[in-house]
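Written out below as structure tokens is the structure these notes cover.
In the working numbering, the protein residues as written are 13 to 181.
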């Protein structure tokens, strides 16, 4: 877990605000017994998670693809080829949605803005070190141009069908 107490508190505020703005339908499914807190999310979202990333084309058509995601400092971080359609779409229209779903066991749903992280970004070195430790090599060695991305969420909810089982309680 790399989150500071301030980042966890900020994530908790985001989760509460998003839940408060959610529809009745969502609140019936993700009720208080199934809703995950910030502390629980940072505990559960360790290592690599296969994310569903939704972007939008220039014609306004939705596109979904999968990326390797890492939850670092209460934000989703992922890489992709800078030449990929999703990279071009996110550069032109940075609004994106991400979901992580592990069957009925666990779900995390996020909407926000994608930021591209360059080597001179203050968080880049830590993110790169995390990715190298996980994969054994730098994503920047996997292709000519790799885009490092982070979702800055404005809406997020976390769900566990059986919280006690998911949290090992």
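Cβ atoms here follow ideal geometry from the backbone N, Cα and C, with glycine treated the same way.
Small disclaimer: the values here were computed from a predicted structure and weren't measured.
| query | result |
| --- | --- |
| Spatial distance of residue 79 from residue 18 (CA atoms) | 27 angstroms |
| Residue 136 burial status per 10 Å Cβ neighbour count (16 or more: buried) | exposed |
| Straight-line gap, residue 161 to residue 70 (C-alpha atoms, nearest Å) | 20 angstroms |
| Three-pair Cβ contact test at 8 angstroms for the region 169-177 versus the region 97-104 | no |
| Beta strand (DSSP E) segment containing residue 90, residue limits | 87-93 |
| CA-to-CA distance, residue 168 to residue 81, given in whole angstroms | 15 angstroms |
| Cβ pair residue 119, residue 27 closer than 9 angstroms | no |
| Cβ distance (whole Å) where residue 111 is taken to contact residue 63 below 8 angstroms | 7 angstroms |
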